[in-house]
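First comes the structure, then the notes that go with it.
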Amino acid sequence: MIWPLKPNSRKIARIEITGAIAGSTRKRVLEALKTVEERKFPVLLLRIDSPGGTVGDSQEIYSALRRLREKVKI
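Residue numbers for the sequence shown, in the numbering used here: 3 to 76.
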């Protein structure tokens, strides 16, 4: 789910979300966002291809993105 866009490069982190957003999706995305923060990627590319999902899980992902934005200049 998360990897540098170019091999051996830590310039851009990419996270893909596909399918309905539910509890398992939320867990994977939150772990990926934690990795982005820990590795201090300067750029995050977030790709979402989803028909929707649960409000609570979507809200948690959104909140985590906002917190990351405050900590790291994305």
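A virtual CB, placed ideally from N, CA and C, is assigned to each residue, including glycine.
All values derive from a computational prediction rather than experimental measurement.
For Asp-51, does the count of other Cβ atoms within 10 angstroms reach 16, so buried, or fall short, so exposed? Position 49 of the sequence shown holds residue 51. The residue in question, Asp-51, is exposed, as its Cβ has fewer than 16 Cβ neighbours within 10 Å.
Segment contact flag, the stretch 53-64 with the stretch 37-45, C-beta cutoff 8 angstroms, min 3 pairs: no
Ignoring anything shorter than 3 residues or poking outside the stretch 31-61, list the beta strand (DSSP E) runs there in chain order. 45-51
Alpha carbon to alpha carbon, how far is Asp-59 from Ala-22? Give it in angstroms, no decimals. Numbered from 1 along the sequence shown, position 20 holds the residue referred to as residue 22. Numbered from 1 along the sequence shown, position 57 holds the residue referred to as residue 59. Distance between the alpha carbons of Ala-22 and Asp-59: 10 angstroms.
Reduced DSSP category for Ala-66 - H, G, I as helix; E, B as strand; rest coil: In the sequence shown, the residue the question calls residue 66 occupies position 64. Three-state DSSP puts Ala-66 in a helix.
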